[in-house]
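Sequential numbering from 1 applies to the sequence shown in the UniProt record's numbering.
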Amino acid sequence: MTLEVLFFGAGAIGAFYASRIARNPAVNVSVVCRSNYKAVKETGFSITSFQYGDYKWTPTRVFDSPSSAVKANVKWDYVVVSTKALPNISDDSKLIDGLVSPKTAVVLIQNGLGVEQPYATRFPESTILSAVTIASCAQPSNGHIKHNRWTRINIGPYFHHSSPSESIKSRATSQNARFVDLLTKGGIKDALADTHEKLQLVRWHKIAINAAMNPSAVLSGGSTNEAMSNDPELAAHLKGVMDEVLTTAPKIVGVPFPSSFATSEAIISSTKKNSSGSKPSMLLDWEGGKAMELEVILGNPLRIAREKGYEMPRLQSLYALLKMAEGNREARKNKL
Numbered sequence: 001m002t003l004e005v006l007f008f009g010a011g012a013i014g015a016f017y018a019s020r021i022a023r024n025p026a027v028n029v030s031v032v033c034r035s036n037y038k039a040v041k042e043t044g045f046s047i048t049s050f051q052y053g054d055y056k057w058t059p060t061r062v063f064d065s066p067s068s069a070v071k072a073n074v075k076w077d078y079v080v081v082s083t084k085a086l087p088n089i090s091d092d093s094k095l096i097d098g099l100v101s102p103k104t105a106v107v108l109i110q111n112g113l114g115v116e117q118p119y120a121t122r123f124p125e126s127t128i129l130s131a132v133t134i135a136s137c138a139q140p141s142n143g144h145i146k147h148n149r150w151t152r153i154n155i156g157p158y159f160h161h162s163s164p165s166e167s168i169k170s171r172a173t174s175q176n177a178r179f180v181d182l183l184t185k186g187g188i189k190d191a192l193a194d195t196h197e198k199l200q201l202v203r204w205h206k207i208a209i210n211a212a213m214n215p216s217a218v219l220s221g222g223s224t225n226e227a228m229s230n231d232p233e234l235a236a237h238l239k240g241v242m243d244e245v246l247t248t249a250p251k252i253v254g255v256p257f258p259s260s261f262a263t264s265e266a267i268i269s270s271t272k273k274n275s276s277g278s279k280p281s282m283l284l285d286w287e288g289g290k291a292m293e294l295e296v297i298l299g300n301p302l303r304i305a306r307e308k309g310y311e312m313p314r315l316q317s318l319y320a321l322l323k324m325a326e327g328n329r330e331a332r333k334n335k336l
């Protein structure tokens, strides 16, 4: 039986993973495109990868909007959301409303914390799978995907309630394992199936890095991660932010970080050697005049911590400063 998989958000990350799953002839992989729709509809995707070589991929179906995908009347086994998470601007769970049935598993390949909640609320009968990736990909031009390095992706079920029934856990675990298997068969050898708790720790660990590096790059005037890590004062600041998150997260999740997770010292030491000159995503968005993932990287972690009775003052300072900076920028735009 052919599986039907739909990627909503066929940017760099989404298109890369979609192209790997599509290597399996028993899977139909379709995409909902935005700005790159015309190019993908005409010629598909061209992927450049040091690891997998150069290849072309034509999706089974290419849609220009979720509503067009709804009209196709396909019963989707997986709907993969790989858009930027901007809950203060739009609720993407609403956009996929007509695409999700009780048998559909919704997979969220997005940055930040709390991204699952809108989907769990809107689709209470469907499985929500949460995914965190470290893959580095770019889309230099519409339809051209450049896979720079890394492929690892952690995926685990998200349970809205603290004590889900055994039947709900069993179904979610099965759908999670099946999706990981699709990635593995597509050549993603480090696709990992995690439990709910482990995946949330993975999210918090990535937040520690993103919440330290991303806003600091913007507020320091456009610094790269390498430059910040090699500056003694900024490195101390980065470590302070990371340690604040890494200390608070286990108290919230209820389990400690595995010993295999990198410490703040190890992260900074590794970043010092990163001579690629790459800029954090938030800095790229700031320089491009685009909305930043402020809420899911800074705001949501603060709110989740406060609900449990914990404060993270370093994170709060970064959030307050950057939120005001973004607000001032938008106000200036509106005056033009």
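Here a beta-carbon is modelled for each residue, glycine too, at the ideal position from N, C-alpha and C.
Supposed contact pair residue j and residue i - C-beta distance, whole angstroms, cut 8 Å
i, j, result
"Gly11", "Ser82", "7 Å"
"Ala191", "Thr184", "5 Å"
"Asp194", "Ile155", "7 Å"
"Tyr319", "Lys251", "Tyr319 to Lys251, Cβ: 20 Å. No contact."
"Val132", "Lys198", "The Cβ separation is near 11 Å, so there is no contact."
"Ala211", "Leu246", "Ala211 to Leu246, Cβ: 11 Å. No contact."
"Phe179", "Val107", "6 Å"
"Lys294", "Glu326", "Correcting the residue type first, residue 294 is Leu in the shown sequence and not Lys. Confirmed, about 7 Å."
DSSP-derived helix/strand/coil call for residue i
i, result
"Gly156", "strand"
"Asp54", "strand"
"Ile47", "strand"
"Phe7", "strand"
"Asn230", "coil"
"Arg23", "coil"
"Leu336", "coil"
"Ile145", "strand"
"Val202", "helix"
"Ser30", "strand"
"Ala249", "helix"
"Ala193", "strand"
Exposure label - residue i; buried when at least 16 CB within 10 Å
i, result
"Ser223", "buried"
"Thr58", "exposed"
"Tyr119", "buried"
"Ile267", "buried"
"Trp150", "exposed"
"Met324", "exposed"
"Arg329", "exposed"
Residue i vs residue j beta-carbon contact at 8 Å
i, j, result
"Ala305", "Thr248", "yes"
"Val70", "Val100", "no"
"Ala172", "Pro157", "yes"
"residue 337", "Leu3", "Not covered by the structure: residue 337. The range shown for the chain is 1 to 336."
"Arg122", "Asp97", "yes"
"Phe45", "Lys56", "yes"
"Pro280", "Asn214", "yes"
"Leu238", "Met228", "yes"
"Leu296", "Gly112", "Inspection of the sequence shows that residue 296 is occupied by Val rather than by Leu. The answer is yes: Cβ separation under 8 Å."
"Arg20", "Gly187", "yes"
"Lys189", "Thr48", "no"
"Ala85", "Gln110", "yes"
Handout entry: Completely contained beta strand (DSSP E) runs for the stretch 56 to 140, where each covers 3 or more residues
Key = 78 to 81, 105 to 109 and 127 to 133
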